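Colleague: Just dropping this structure here.
In UniProt numbering, the protein residues as written are 1 to 173.
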């Protein structure tokens, strides 16, 4: 897999984005309804509130391979979030993402998804990244397809599909 990102300290940087680990202060700001100037007008979205509320139960999600804010390199606005649901289960990690409505359609979600998935493969023993998507959400399906994920199966009862990305290089042990 070619490199879509560079790592500086804990930030992942792509051509247009910085993926910065959430801090407990970020989570508190979301939960308290704060409006920092470096947040897009419609950040946080509903999913960001849910994730911020779960950090106390899942402290590893705030770690190196956990959840990150998606920040535009030009302007420094937080425009979404993306995360890995740590720890891995038999070498597989679930990924989730969201871009605020005002910044959708710019290719940010596939760019961030590719970068975080590639980074996840540097974690010891991780060989698969997956996402479960509601089939009623075709934009999310397109994000995963553009990021190189392939549909592995469909659950017609739940109206969902699982998309997976497998490591192409040897897995770090």
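Idealized CB from N, CA, C, for every residue including glycine. Small disclaimer: the values here were computed from a predicted structure and weren't measured.
So, at 7 Å on beta carbons, what are the nonlocal neighbours of residue 26 in its own chain, with the 5 sequence-adjacent residues on each side left out?
Modeller: Excluding positions up to five away in sequence, the list reads 69.
Colleague: Could you check which residue in 132, 117 and 72 has the C-alpha nearest to that of residue 165?
Modeller: Among 132, 117 and 72, the Cα nearest to that of residue 165 belongs to 117.
Colleague: If you drop the 5 nearest sequence neighbours on each side, which residues of the same chain put their C-beta closer than 7 Å to that of residue 40?
Modeller: Once the five neighbours on either side are set aside, the close Cβ partners of residue 40 are 77, 78, 79, 100, 102 and 103.
Colleague: Please state whether DSSP places residue 100 in a helix, a strand or coil.
Modeller: Reduced to three states, the DSSP call for residue 100 is coil.
Colleague: Do residue 149 and residue 131 have their beta-carbon atoms positioned less than 8 Å apart in this structure?
Modeller: Against a cut-off of 8 Å, the Cβ pair of residue 149 and residue 131 comes out as a contact.
Colleague: Considering only residues of the same chain and omitting the five flanking positions on each side of residue 136, which have a CB-CB separation below 8 Å?
Modeller: The answer, listed in chain order, is 159.
Colleague: Apart from the five residues on each side of it in sequence, which residues of its chain come closer than 7 Å, Cβ to Cβ, to residue 133?
Modeller: 140, 141, 144, 160, 161 and 163, listed in sequence order.
Colleague: Contact defined as beta carbons within less than 8 Å: I believe residue 123 pairs with residue 65. What is the distance between those atoms, to the nearest angstrom?
Modeller: Rounded, the Cβ-Cβ distance is 5 Å, consistent with contact.
Colleague: Relative to the C-alpha of residue 127, which candidate in 155, 106, 138 and 89 has its C-alpha closest?
Modeller: For the residues 155, 106, 138 and 89, the minimum Cα distance to residue 127 belongs to 89.
Colleague: Given that a residue counts as buried once 16 or more other Cβ atoms are within 10 Å of its Cβ, and exposed if not, what is residue 20?
Modeller: Residue 20 should be labelled buried.
Colleague: On the DSSP letters alone, give me the boundaries of the alpha helix (DSSP H) that residue 85 sits inside.
Modeller: Not the alpha helix (DSSP H): residue 85 falls in the beta strand (DSSP E), residues 78-89.
Colleague: Using 10 angstroms around the beta-carbon of residue 83, count the other beta-carbons present and answer buried if the total reaches 16, otherwise exposed.
Modeller: So residue 83 counts as buried.
Colleague: Report the three-state DSSP secondary structure of residue 58 (helix, strand or coil).
Modeller: Residue 58 falls in the coil class under three-state DSSP.
Colleague: Could you tell me the distance, in whole angstroms, from the CA atom of residue 121 to the CA atom of residue 36?
Modeller: Looking at the two C-alpha atoms, the distance is approximately 33 Å.
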